[in-house]
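Below: one structure, written as structure tokens.
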Amino acid sequence: MSRLSRRQLIAAGAMAAAGAGGLAVAAKLARRYGLVPPDSGGIYGPGETLTYAAQRLLTRHSMAREFSRGQISAKPLQNEVAPLGEEFARLQKANFSDWRLTVDGRVAEPRTFSLAELRSLPRHSHITMIQCEEGWSYIAEWTGVPLRHVLTLVGAAPEATHVVYRSFEKVWWESVDMADALHPQTLLALEMNGGELPVGFGGPIRMRVTRQLGYKSVKYVTHLTVTDNIKQFGNGLGAASPEAGYAWYAGI
Amino acid sequence: MAESPQPRHTLLVRVTHWLTALAFLALLVTGLEIVVSHPRFYWGEVGNINTQPLFQIPIPASRSLVPTGYAYTLPDQNGWSRYLHFQAGWLLLLTGVLYVGVGLLRGHFRREMTPSRSDLSAKRLWASILDHLRFKRPGPEEAWSYNVLQRLAYLLVVFVAFPLIIWTGLAMSPSFVSAFPAAVNVLGGQQSARTLHFFLTAVLLLFFAIHLLMVIVAGFWSRARAMITGRAGGR
């Protein structure tokens with residue numbers, strides 16, 4: 003191997019310094035523009051940050067594919083969910099008339115919504131695909147209230163950075179950034195394929211996040227919290243999924 | 063043995079070769095682990111345990127809902143597997159862009175990887191195939207250049223197989239597809255992308271196995287040393 007000349011050493015050193023400097027600047031900018039995911043610590047942090055930042059930059063306003071009526075799956079799949087218990091059964095028996103969606107956090111007017119109140123709000127439908135991280139998928143028509151409409155109603159603060167949403171199934175809680183929260187396809191789904199949303203598919207309320215994998219589309223939603231500090235929830239990783247070892251950002 | 067002034071492989075080739083090998087191994091292991099959660103493959107847009115698969119791999123799964131015929135499920139490792147799969151994916155992509163970009167600029171592919179017209183004659187190709195099938199040990203001069211089958215294989219892997227597997231991988235991303243729907247539509251749907259991704263894994267795995275075997279036939283330590291230090295036998 004040839005001896006490294008002094009010039010080569012200086013050039014290599016300068017390139018390394020420039021590289022390190024460039025990375026530091028990129029990291030600072032990424033943090034400023036909300037391009038660092040809450041689960042960016044740890045050995046998978048660099049890849050996760052690259053993925054979230056790159057995809058967020060590419061997809062701020064992009065729309066998930068919408069399909070024709072003829073493409074709705076004849077055979078959708080209800081994934082396994084732990085038994086929901088007596089309290090849920092009681093609510094179900096009463097046709098969910100006692101179900102409440104609580105909205106709080108960085109909002110001007112925290113409040114609760116009953117299903118009847120949600121059903122009276124403007125609704126939106128789309129025929130989109132649910133993809134599970136396991137690899138399977140199906141297409142269905144989802145109808146519900148756009149999340150951004152609810153956020154406008156309660157006066158979500160402009161400094162809000164994330165919306166946390168919780169399930170009746172207490173272990174399953176998730177969050178999305180504002181790009182997804184305010185996205186026109188993000189719905190509090192109340193109906194599926196033209197009928198009431200079946201419990202197996204998340205009824206009475208399922209959060210539909212169309213540009214991420216299925217585990218972000220939490221079933222049996224009971225509570226929304228608008229926040230400007232996602233790290234204060236749970237273990238500070240953004241959702242229950244990273245606490246279970248799965249990525250907070252499920253765009254891929 | 064006189065040390066030659068030119069390395070057998072440039073620093074760029076050596077560094078990117080080993081980074082790619084590392085990334086590929088990580089992607090392979092984690093990818094196969096992810097398959098275990100749903101070892102059924104479909105075609106078109108959608109597929110799940112309620113629909114008819116193209117084929118099912120006869121292994122136990124890590125999700126109890128999948129009908130495998132086995133009485134047990136494997137432990138779920140998808141969390142870290144997916145984290146590592148996508149991190150290694152970045153390593154592969156960035157390394158590949160560096161290798162191809164600088165390689166094209168420097169004429170690496172033109173000089174070292176493009177087969178000559180005479181090499182591509184049916185007679186020469188067939189002779190080379192026979193030599194490989196017979197595990198013929200290459201002569202010393204062959205340590206300094208790629209033979210025609212190597213050139214074709216490496217070009218196909220670098221410019222066809224790897225780009226396709228990256229494309230089919232991204233075509234499974236709901237976020238990426240929302241920005242570039244053509245990426246999945248052209249392939250025939252999300253499940254088609256997934257099945258193609260798996261098929262390409264098999265192709266690359268086959269390449270990997272043959273590559274290792276041929277390196278051993280040619281002399282593992284001399285070839286590995288050349289790919290690490292750049293030093294090969296004197297001309």
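Heads up: the sequence lines are chains A and B, in that order. So the mapping is simple: the numbering used here equals the position in the first sequence, first residue as 1, plus 2. So the mapping is simple: the numbering used here equals the position in the second sequence, first residue as 1, plus 62. Heads up, the beta-carbon is just placed ideally off N, CA and C, and yes, glycines get one too. In this text the structure is predicted, and so the values were computed from the model without any measurement.
Selected residue, minimal CA-CA separation from residue i, among the options
i: A:G43; options: A:G253, A:E161, A:A22, A:K233; result: A:K233
i: A:A191; options: A:G204, A:D182, A:G49, A:M180; result: A:G204
i: B:L267; options: B:S207, B:F224, B:A233; result: B:F224
i: A:P247; options: A:D41, A:M131, A:F98; result: For the record, residue 247 of chain A in the displayed sequence is Gly; it is not Pro. The shortest Cα separation from A:G247 among A:D41, A:M131, A:F98 belongs to A:D41.
i: A:R58; options: A:V178, A:A96, A:A162; result: A:V178
i: A:E161; options: A:Y217, A:A56, A:L11, A:A110; result: A:A110
i: B:V248; options: B:W229, B:T263, B:L155; result: B:W229
i: B:L262; options: B:L89, B:K198, B:L73, B:L84; result: B:L89
i: B:R213; options: B:S183, B:A189, B:S178; result: B:S178
i: A:Y2; options: A:I129, A:L149, A:L189, A:R125; result: The displayed coordinates of chain A run from 3 to 254. Any statement about residue 2 of chain A would go beyond what the structure contains.
i: A:D230; options: A:E171, A:R108, A:S169, A:P206; result: A:R108
i: A:W174; options: A:I12, A:T145, A:G216, A:S122; result: A:G216
i: B:K185; options: B:R173, B:F238, B:L211; result: B:L211
Interface partners of residue i on chain A, CB under 7 Å
i: B:A241; result: L60, T61, S64
i: B:Q252; result: M131, Q133, S139
i: B:L146; result: Y46
i: B:G281; result: Residues of chain A passing the Cβ test: none, with the nearest at roughly 21 Å.
i: B:R256; result: G137
Rounded C-alpha distance that separates residue i from residue j
i: B:R144; j: A:T61; result: 21 Å
i: B:I111; j: A:L25; result: 45 Å
i: A:Q133; j: A:Q214; result: 8 Å
i: A:L199; j: A:M209; result: 12 Å
i: A:W138; j: A:R8; result: 57 Å
i: A:P85; j: A:H164; result: 29 Å
i: B:A123; j: A:F69; result: 30 Å
i: A:E89; j: A:D100; result: 11 Å
i: A:G196; j: A:Q73; result: 14 Å
i: B:I272; j: B:G231; result: 24 Å
i: A:M3; j: B:P236; result: Its pLDDT being 47, under 50, A:M3 is placed unreliably in this model, and the coordinates cannot settle the point.
i: B:R297; j: B:Q68; result: Reliability fails at B:R297, whose pLDDT of 48 lies under 50, so the model's placement of it is uncertain and no value is given.
i: B:F197; j: B:F270; result: 17 Å
i: B:H79; j: B:P101; result: 31 Å
i: B:L275; j: B:A215; result: 14 Å
i: B:H147; j: B:G93; result: 7 Å
i: B:G169; j: B:V222; result: 19 Å
i: B:T291; j: B:A83; result: 16 Å
i: A:S64; j: A:R33; result: 22 Å
i: B:A244; j: B:R256; result: 15 Å
i: B:D181; j: B:Q118; result: 41 Å
i: B:L192; j: B:F282; result: 21 Å
i: A:P206; j: B:V246; result: 32 Å
Residue i, DSSP secondary structure in three states
i: A:F69; result: coil
i: B:M234; result: coil
i: A:D100; result: coil
i: B:P202; result: helix
i: A:L123; result: coil
i: B:W152; result: helix
i: B:A123; result: coil
i: A:A191; result: strand
i: B:Y216; result: helix
i: A:R150; result: helix
i: B:L266; result: helix
i: A:P39; result: coil
i: A:F90; result: helix
i: A:W20; result: Reading off the sequence shown, one finds Ala at residue 20 of chain A, where the question assumed Trp. Helix.
i: B:L249; result: coil
i: A:G197; result: strand
i: B:S207; result: coil
i: B:S99; result: coil
i: A:T224; result: strand
i: A:H164; result: strand
i: A:Q10; result: helix
Listed by chain order, chain A residues near residue i by CB distance under 9 Å
i: B:H100; result: C134, E136, G137, W138
Proximal chain E residues relative to residue i, where beta-carbon distance stays under 8 Å
i: B:F238; result: Chain labels in this structure do not include chain E; the protein chains are A and B.
Interface residues of chain B facing residue i [CB-CB closer than 8 Å]
i: A:I278; result: Coverage of chain A is limited to positions 3 through 254, which leaves residue 278 of chain A absent and any answer about it impossible.
i: A:T188; result: Result: empty, since nearest Cβ-Cβ is about 12 Å, beyond 8 Å.
i: A:G236; result: Near A:G236 there are no residues of chain B at all, since even the closest Cβ is about 16 Å away, more than 8 Å.
Contact list for residue i against chain B, beta-carbon separation under 9 Å
i: A:G21; result: Residues of chain B passing the Cβ test: none, with the nearest at roughly 13 Å.
i: A:E82; result: R125, S126, L127
Contacts of residue i in chain B (Cβ-Cβ under 7 Å)
i: A:R213; result: P236, S237, S240
i: A:A159; result: The premise fails here: A:A159 is roughly 26 Å from chain B at the closest Cβ pair, so nothing lies under 7 Å.
i: A:G247; result: G141, W142
Contact list for the region 102-121 of chain B against chain A, Cβ threshold 9 Å:
R102, F103, Y104, E107, V108, G109, N110, I111, N112, T113
Along the region 23-53 of chain A, where does the CB come closer than 7 Å to a CB of chain B? Name the residues.
Y46, P48, G49, E50, L52, T53
Any C-beta of chain A within less than 9 Å: which residues of the region 124-137 of chain B qualify?
S124, R125, S126, L127, V128
Closer than 8 Å, Cβ to any Cβ of chain B: which residues of the region 191-221 of chain A, in chain order?
T212, R213, Q214, L215
Mind listing which residues of the region 65-99 of chain A have their C-beta closer than 9 Å to chain B's C-betas, in chain order?
M65, A66, R67, F69, Q73, S75, A76, K77, P78, L79, N81, E82
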